[in-house]
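Read the structure below first, then the notes.
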Amino acid sequence: MRSILLIVMVLCTALVSPAQQRWMVDSTRTRKDTLVLPTVEVQDQHVSPFLISRVNDVEAGAIYAAKKTERIKLENVIANTATNNTRQTMSGVAGLNIWESDGAGLQLGIGGRGLNPNRTSNFTTRQNGYDISADPLGYPESYYVPPMAALDRIDVVRGAGALRYGTQFGGVVNFVFKEGARTTPLAADASVTAGSFGFASAFARLGGTIDGTNYVALYQFRRADGWRPNSDFHQHLAYAAVTTNITSHVRLRADYTFMTYLAHQPGGLTDRMFETDPSQSVRARNWFNVNWNLASLTLDWFMSEQTSLRSIFFGNLSSRQALGNLDRINTVDMGGPRTMIDGTFHSFGNETTIQHDLVVGDAPWSLLAGVRLYRGNSTQQQGDAADGSGPDFSFTNPDHLEGSDYTFPNDNAAAFAEALISITPEFRLVPGVRLEHITTRSDGYYALMVKDLAGNLVVDSLVYEQQERSRTIALVGLGASYLIGPIEIYANATQNYRSITFSDLRINNPNLVIDPNISDERGYTLDLGVRGQVSDMISWDASAFYLRYNDKIGEVLRSDEAPLYLPYRYRTNIADAYTAGIEAVTDMDLTAMFWRGFDLPAIHWIINATVLQGEYLASDDPSIDGNAVEYVPSYVVRTGLNIKEGGFRLSLLWSFIGQQYSDASNAEYTASAVSGLIPSYNVADITIGYTFGMISVDASCNNVLGTSYFTRRADSYPGPGIIPAEPRSFFVTVKAEL
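Structural data, given as C-alpha cells:
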C-alpha cells in the first residue's frame, strides 16, 4: 500500500512539474495576443442529433483519446425508459449480447466480444464515475440498475478502459444522472406508465439551482404481475444529489441512491417445456430480494487553468437474498425446505486523479495520474430456509447452516498514469500504465454431509477454512490516432486481467461445481478502427478487435457418478481462447443527405452490425480444443429508423442475434437445460410519441411480432434452465413538465 502511494506521488510530481514549466514557456510566448473578454454564461450547447457519439478525448479526470468509446445521450433515444429496456436504450452500442431475464430491467445483463453477460460482471459498472456493483473485484455483479428515465447519458469504454477504471476485459459502463435545472430555482417533471401484464410505473423528479447550488431529487415506483405465473415484483428507488461551489476553484458534489425490490421468480424451463408453452412456470416458491444503498462525495479542485484534481469518495451498504428450489428444473418441486443464499456487501473507497493540460507547439497535451484505494467486506451464507411458498428470508438453522457461512474481506490499491501526446496536431499517442495490488480473503465454514446408500446421514460436520490470495499486477497499454479532416483512424493495445470471484471460492449448487484450483484470467485487447462525422448528415465508427484470454474461466459439461449420471456444469480455467470480430455503427440523417431543403421530418437510419468468432486454443481437454467460445453469436445486428418532426417522434428497431453456445463443451441439448444451444432470434420494437407543450404521451410495443425466444440458460437463480423472453407487450407513458 505505501509503495503504491509513493509511486503515484512520484508520477504526479513527474507529470505536473515539467508540464507546468512547458506551459509557462508557451503562455509567455502568446501573452501579448491575449484579450480579456466579458463573462458569458452558457445556458445551452449544441447537442449531437445522432443516437450515439464518442466520448471527448479528455474529460473529467480521464483520457479517452485513441480508445473505442461510445456515448448514448438519452434525449436522443426514443424508447420506453420505464421498463429499462436495454435492447432499445443501448441499441447503438456495437455488438452487445443482452440477457433478458425479466420484462422490467430489474437486473442489467450485458456482455460483448464473448464475455458472459451475467449481471454485467465482465464490465466495471459505474454511476457518476464510481462503482455500483456488489464488489468490483471479488463479486462484480450488478444487482442495481440506474433508472433510464433519470439518466443524461451512458458512456461505454471497451477493454482499453482497464488502465483507468479497473482491469476488466469488457471495459467500463458509466451511467450519468441528469442534474437539476441550471436556470431556475425549481423545475419538476412527473410521468406514469401502464402496460401489459400489470406493469405500472410512477416517476417524479424536481431540481434547480439556488444561489449557485444545483440540486436534484427523484423517486420511482414500479410493479408488475409478470407474463408468467409467479413473476410479480415491486420496486422502490430514490436518488438525490447536490452540487455547490465552495470557492471559485473548488466544487463539491454529493449524491445518495436507495433501491429495494422484491421479485417472485418463476424459475427456468427445459427445452421441451419451452417449445410446448414458454409462459408456464414450475417453480412457485422462488423469491429474490435486493436492498441497495450507494453514496458518494466528489471534490473538484481547479488548481489553475491547466491543472485540476478530482477526488471521489464512495461507499456501498447493500444486501441480496435469493430463496427457492435450486434443484434441476426437470424435477418436480415436492415442497420441503428451500435453499437460501444471503449476501451482504459493505465497501468504501477513494479514487483521486490529477490532470494537467498544456500546449506543446501548436498541439494539446494532457497528462493524468491517479490512485485508487478500496476496502470491501462481504458475507455469504447458504443453507436451508422456510419450507413455505412466501418470501420468508430466514434460515432454519442459522447457527449450523447446511451449506456454508463465509466472510470475504477484500483490499485493493492501484496507481495509474496516462498521457495524451500530440506528436503533430494530427498524430497522437496515448501510453498508459496501471499497477494494481489485490488481496482477497475468505474465512468461514462449509457443511460436510455424507449419506449411506440407504439415505442415512452418517457424517454431519462443519469444515472451517481460511484462504488469502495477494497479487500485484502491472498492466500497460498504448493507443494511437491520426486525424484526416473529419476522419480519425485509431488503434489501441491494452492488457487485461480478471480476478476470481467469491462465488468461485465456495458455493453449493447441484447444477454447478467449482474447480478448487481455479485461478485468475489474464489477456489483452486490440482495437483498430476508423470513425468520423460529416456535418449533421452521417456519423460512423467501424473497427476490428481481437480479445485474447489466457486461462479463460468457463464452464464445461460433466456428469455425476453412476448410476444416475446427472449432468452439471463444471467451472474452471478451461484453456486459452480468443474472440475476434468487426463492429460497425452508422447513423445517417437521410433527410439531410438526400432531401435537404425539403419540408420533411428528420429521418435517421441506424445500422449497428457486428460479426464475431471465438475459439478455444491449446486445451488440456481434447473435447474442448477448437470449440467455439460460449456467448459468441456469429452476428449481432440492430437496425432501425428514428423519425422526429416538431413534437412528433417515432422509433422502429429490429434486432437480429445469431445462435450461440452456453458452455465451452458446445452442448446443444441437456435434460436439465442448464447447458445447450441458444438459438438465433430476431425481435422488433416500436415506440411513437407526441409532445403537447408541457405534456408528452408515448406508446410502445415491444416484440411487435410476438417472437418466442430466449437469451440465456441459467445455472442458478432466476432459473435454473431456460429463461423465456417476454412476448408482445404494450405500454403507454404520460409525462408532464413544470
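Under this note's numbering, think of the first position of the sequence shown as 450, with each following residue one higher.
Cβ coordinates follow ideal geometry from the N, Cα and C atoms, glycine included.
The structure displayed is predicted, hence computed values, not measured ones.
Keeping to the same chain, check which residues put their C-beta closer than 6 angstroms to that of residue i; ignore five residues upstream and five downstream.
i, result
"Ala-511", "Arg-613"
"Glu-1175", "Gly-552, Trp-676"
"Gly-619", "Leu-564, Asn-571, Phe-572"
"Ser-1100", "Ile-527, Asn-1091, Thr-1136"
"Gly-709", "Gly is not the amino acid found at residue 709; the sequence shown has Thr there. The residues are His-685, Asn-740."
"Val-1085", "Gly-544, Thr-1059, Ile-1106"
"Asn-1131", "Phe-1105"
"Arg-769", "Tyr-592, Val-739, Gly-792"
"Phe-1097", "Tyr-1139"
"Ser-645", "Ser-1178, Phe-1179"
"Tyr-1027", "Arg-997"
"Pro-1169", "Gly-717, Ile-778, Asn-960, Val-1123, Ala-1163"
"Asp-1048", "none"
"Tyr-913", "Tyr-894"
"Pro-858", "Asn-826, Arg-890"
"Met-789", "Leu-772, Ala-834"
For residue i, which three-state DSSP category applies?
i, result
"Arg-536", "helix"
"Thr-725", "helix"
"Leu-711", "strand"
"Gly-578", "coil"
"Leu-655", "strand"
"Asn-437", "An answer regarding residue 437 cannot be provided, because it is not within the stretch 450 to 1187 covered by the chain."
"Ala-929", "strand"
"Leu-1187", "coil"
"Glu-628", "coil"
"Asn-779", "coil"
"Gly-1170", "strand"
"Ser-476", "Any reading at Ser-476 must be qualified, since the residue scores a pLDDT of 35, below 50, and its modelled position is unreliable; the value itself is stated next. If DSSP states are grouped into helix, strand and coil, Ser-476 belongs with the helices."
"Gln-1039", "Per the sequence presented here, residue 1039 reads as Leu, with Gln not at that position. Helix, per DSSP."
"Ser-645", "helix"
"Phe-670", "strand"
"Tyr-614", "helix"
"Thr-530", "helix"
"Glu-590", "coil"
"Ala-598", "helix"
"Asp-1191", "A query on residue 1191 cannot be resolved here, the shown segment of the chain reaching from 450 to 1187 and no further."
"Asp-1069", "coil"
For residue i, count neighbouring C-beta atoms within 10 Å of its own C-beta (all shown protein chains included) and say buried if the count is 16 or more, exposed if not.
i, result
"Pro-566", "buried"
"Asp-811", "exposed"
"Thr-873", "exposed"
"Arg-732", "buried"
"Asn-846", "exposed"
"Asp-1147", "buried"
"Val-665", "buried"
"Met-1143", "exposed"
"Ile-603", "buried"
"Ile-659", "exposed"
"Leu-850", "buried"
"Ile-987", "buried"
"Asp-1134", "buried"
"Gln-831", "buried"
"Asn-905", "exposed"
Kindly list the residues whose CB is nearer than 8 angstroms to the CB of residue i, restricted to its own chain and excluding five residues on each side of it in sequence; keep chain order.
i, result
"Gln-556", "Ser-550, Arg-568, Ser-591, Tyr-592, Val-594"
"Gly-647", "Arg-672, Ala-673, Asp-674, Gly-675, Asp-681"
"Ser-930", "Ala-514, Ala-515, Phe-876, Arg-877, Val-879, Glu-937, Ile-938, Tyr-939, Ala-940"
"Leu-1002", "In the sequence as presented, Leu is not what sits at residue 1002; that position holds Ile. Once the five neighbours on either side are set aside, the close Cβ partners of Ile-1002 are Arg-947, Ile-949, Asp-953, Ile-967, Glu-970, Arg-1020, Thr-1021, Asn-1022, Ile-1023."
"Asp-493", "Caution is warranted here: a pLDDT of 49 is assigned to Asp-493, below 50, making its placement in the model unreliable, and the coordinate value is therefore given only provisionally. Correct list: empty, nothing qualifies."
"Arg-503", "Tyr-513, Thr-518, Glu-519, Arg-520, Arg-980, Asp-990"
Given residue i, which residues of its chain have a CB within under 7 angstroms of its CB, disregarding the five upstream and five downstream residues?
i, result
"Arg-734", "Gly-773, Asn-774, Asp-782, Arg-787, Ser-838"
"Gly-784", "Asp-836"
Answer yes or no: the CB of residue i versus the heavy atoms of the ligand FMN, is any distance below 7 angstroms?
i, result
"Val-699", "With respect to small molecules bound, the structure shown includes none, and the ligand FMN cannot be examined in it."
Answer with yes or no whether the minimum CB distance from residue i to chain D is below 8 angstroms.
i, result
"Ser-760", "Included in the structure is just one protein chain, with no chain D present."
**Inter-stretch contact (C-beta, 8 angstroms, three-pair minimum) for the segment 854-870 and the segment 881-893** = yes
**Asked** Okay, do the segment 716-726 and the segment 692-708 touch, 3+ Cβ pairs below 8 angstroms being the bar?
**Response** Judged by Cβ distances under 8 angstroms, the segment 716-726 makes no contact with the segment 692-708, as fewer than three pairs qualify.
**Request:** Examine the Cβ distances between the segment 754-764 and the segment 801-817 and report whether three or more of them are shorter than 8 angstroms.
**Result:** yes
**Prompt:** Can we say the segment 1109-1124 touches the segment 1157-1172, given the rule of at least three CB pairs closer than 8 angstroms?
**Reply:** yes
**Asked** Below 8 angstroms, can you find three or more Cβ-Cβ pairs linking the segment 885-900 to the segment 852-859?
**Response** yes
**Request:** Identify every run of the beta strand (DSSP E) within the segment 1086-1159, keeping only runs that are complete inside it and at least 3 residues long; order them along the chain.
**Result:** 1097-1106, 1130-1141, 1144-1151
**Request:** Check whether the segment 571-589 touches the segment 1071-1081, taking contact to mean three or more Cβ pairs, one atom from each stretch, closer than 8 angstroms.
**Result:** Taking 8 angstroms as the limit for Cβ pairs, the verdict is that the segment 1071-1081 does not touch the segment 571-589.
**Request:** Can you check the segment 797-854 for any beta strand (DSSP E) of at least 3 residues that lies completely inside it and give the ranges in chain order?
**Result:** 812-834
**Prompt:** Do the segment 1064-1075 and the segment 1031-1048 make contact, defined as three or more Cβ pairs closer than 8 angstroms?
**Reply:** no
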